[in-house]
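What follows is a single structure, written as structure tokens, with notes after it.
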DNA sequence: TGCCATCGTCGATGCGCTTCGACTCGCACA
DNA sequence: TGTGCGAGTCGAAGCGCATCGACGATGGCA
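Chains as they are written, first to last, in full-length UniProt numbering: chain P, 1 to 335; chain B, 1 to 335.
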């Protein structure tokens, strides 16, 4: 392995000088700098991560805790992860993947063995059991999602409450008087997953505010579940004209089932989906959506983390405003 | 931070003794062991990863290179990743995420800064430009996928050639005489992505062997692309009765479109899908599938990596036999 | 001409751990 | 009684780097 000493010898300077060239923490004459940089390139030198971590107490690694559940949407999770790695690399950090399944102990382990400099946590629940422990850790922590009591932790997420309201507002503006929310699977609600409950609240409040009849149902993502869910909804209110779908995985089945029932979108029933924009055009009818800005959230999470690492200590909660894009799946109800 | 010295002091032994208790590399009296273990627990000691890496030249970190493309199936990628982290943790390793976008240089960097002990690489292309560099690296490398010339690298994957053949055999056995393959998006073929070309080869050879008329089309995953693809296929051969779909993302659109055309599955047309088993039941018709054993492949990749790390130096190529599960989407063609 | 500040560089130290050689027992065996 | 040996423990060295204090050279100013 090529070490800083090899570089120093090749360049005819002291190892510490090489170190300063790399870090830029002291001024270096242009001549020396050139000499050293050339040696680095020629030898293909990369500082030993362990040694660097030991000497500087910094690893340049960010840990990301992801859920492995299959009952929430994998594609969205993947988008977050992708955005996070990309953003992390842009800040010269690497990304360590942890799973929610390992529980709070894993967070302890990572923190106290100095594997990573900071923690980013996805799939946050309203009363997340990891929160107290995360606070106790003295690492920078950024939550993707918002628990009931973030108490000192930074959070970033789509403003799901506003998103729920936006969906209702759109349908109400079009003239719909009876709408329904098809949500994530029951297990997601049972866990108190933060985005699900926040969306539901926004939906309910807005519906009440607008005087729109509104019901909601969780829905697992098998075809049968979707079908059963629609059965119930239509039986409960045959005058239903608008659907808000906060569950990307059921969209294909849902649209297919609606057509099967002879319900045309949007003529007979309007559909607003909450999903990444990339999914909007994959269906026979281009969907009106409120976008889940996974990419932006991921990038912001990294950015907030870097700020914390840079000494910016006050925690912040960033809620990204929802963006509704009207496409072909919503229209005024037939009178 | 609590160090090995703190533990040693608390237990009244030398630091090296603590180290030996942890590593088990020398015998320790039961009494001492108990004493030390108790101190470790009481103090919440975790060895400093950097220091450990520096002293032992082992990081206990595995790097996984994932593709970030959206033109291949994210859900499957996610399954791999999930399986890999889980398996890695079971071997007491952490998982570092790298992206294919960073190119070969990133692999160099990770290798020569000793960030990880080994590399696992997904989305391998037939003539993957990373292969020569990976060989030059003296880290254990395991490819998920098989390039044309693996030359000394370990590989693991589903045997896609056999999978292609299995799909044909199933349809041929049922009596189909004209079938078509709907493959991944054109870009995937253009890159020479290993699994796509291998599957196609198996499909073609088997069709020829069985005397079945067979054509194939790549297909992007927008609804229009699916529709256009079906138009072409049906125009080219109105007697088409069997479809092999090696592109999970188009399944919903495809099924929906078939119904739209008045083609019932399986009465009018049979469909065999290549996808993770979990997706088989999410459609109005439960799909006959050849499973993509993402979980097993991921686990095997980790296992092979650990073997290499354990000193087992001979590279191996493991191809997992395809498993076809018959469900409701295939039947004998109407005569 | 002499003094001080600044710039650029060097050497030494220590981060927390693993590992190697050495040392001390206690025991079996001759 | 002496010798050999293995089990159990210790101390020291060193892994590759960042960082701090120190030092020589240079230039500005009086």
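Backbone N, C-alpha and C fix where the C-beta goes; we use that ideal spot for every residue, glycine too.
Remember, it's a predicted structure, so these values are computed and weren't measured experimentally.
One finds 46, 47, 48, 49 in chain P with Cβ atoms closer than 7 Å to the Cβ of residue 113 (chain B), taken in chain order. With respect to residue 81 (chain B), residue 163 (chain B) sits apart: the two C-beta atoms are not nearer than 7 Å.
Here residue 246 (chain P) is near residue 274 (chain P), since their CB atoms are less than 7 Å apart.
Here the alpha carbon of residue 25 (chain B) sits roughly 26 Å from the alpha carbon of residue 1 (chain P). Of the residues P:172, P:330, P:252, the one whose Cα lies closest to the Cα of residue 221 (chain B) is P:252. Rounded to whole angstroms, residue 168 (chain B) and residue 129 (chain P) show a C-alpha spacing of 51 Å. Against chain P, the CB of residue 305 (chain B) has no partner CB under 7 Å away; the residue lies outside that interface.
Counting only the Cα atoms, residue 173 (chain B) lies some 20 Å from residue 182 (chain B). Just measuring C-alpha positions, the residue of B:255, B:256, B:266 sitting nearest residue 241 (chain B) is B:266. Bridge pairing for residue 155 (chain P): P:143, P:317 [DSSP]. Contact annotation: residue 107 (chain B) and residue 64 (chain B) have beta-carbon atoms that are not nearer than 7 Å. Membership of residue 291 (chain P) in the beta strand (DSSP E) is indicated by the continuous run 288 to 291. Under the DSSP assignment, residue 167 (chain B) falls outside any beta strand (DSSP E), being part of the alpha helix (DSSP H) whose first and last residues are 160 to 174. For residue 78 (chain P), the enclosing alpha helix (DSSP H) starts and ends at 74 to 90. If you ignore the 5 residues before and after residue 91 (chain B), its C-beta comes within less than 6 Å of the C-beta of 306, all in its own chain and listed in chain order.
Distances from the CA of residue 293 (chain P) to each of P:309, P:83, P:13, P:36 were compared; the closest alpha carbon is that of P:83. Here residue 185 (chain B) carries a coil assignment [DSSP, helix/strand/coil].
Residue 262 (chain P) sits in coil when the DSSP states are folded into three classes, being neither helix nor strand.
At a cut-off of 7 Å between C-beta atoms, residue 78 (chain B) counts as an interface residue with respect to chain P.
Near chain P, meaning a CB-to-CB distance below 9 Å, no residue of the region 190 to 217 of chain B qualifies.
Residues of chain P with a Cβ closer than 7 Å to the Cβ of residue 15 (chain B) do not exist; the shortest Cβ-Cβ separation is about 16 Å. Using a Cβ-Cβ distance cut-off of 8 Å, the region 96 to 116 of chain P and the region 111 to 118 of chain B are not in contact, since fewer than three pairs of beta carbons, one from each stretch, lie closer than that value. In chain order, 265, 271, 283, 284, 285 place their CB closer than 8 Å to the CB of residue 255 (chain B), counting only its own chain and leaving out the 5 sequence neighbours on each side. A direct Cα-Cα distance of roughly 32 Å separates residue 145 (chain B) from residue 331 (chain B). Proximity of the region 135 to 155 of chain B to the region 210 to 218 of chain B falls short of the contact definition, fewer than three beta-carbon pairs being nearer than 8 Å. Cβ-Cβ separation between residue 205 (chain B) and residue 165 (chain B): approximately 7 Å, consistent with a contact (criterion under 8 Å).
Boundaries of the beta strand (DSSP E) harbouring residue 99 (chain B): 94 to 99, taken from the DSSP string.
Think of a sphere of 9 Å around the beta carbon of residue 59 (chain P): the chain B residues whose beta carbon falls inside it are 49, 50, in chain order. For residue 275 (chain B), the enclosing beta strand (DSSP E) has its first and last residue at 270 to 275. Contact note: residue 253 (chain P) reaches chain B through 252, 282, 283, 284, using a C-beta cutoff of 9 Å and chain order.
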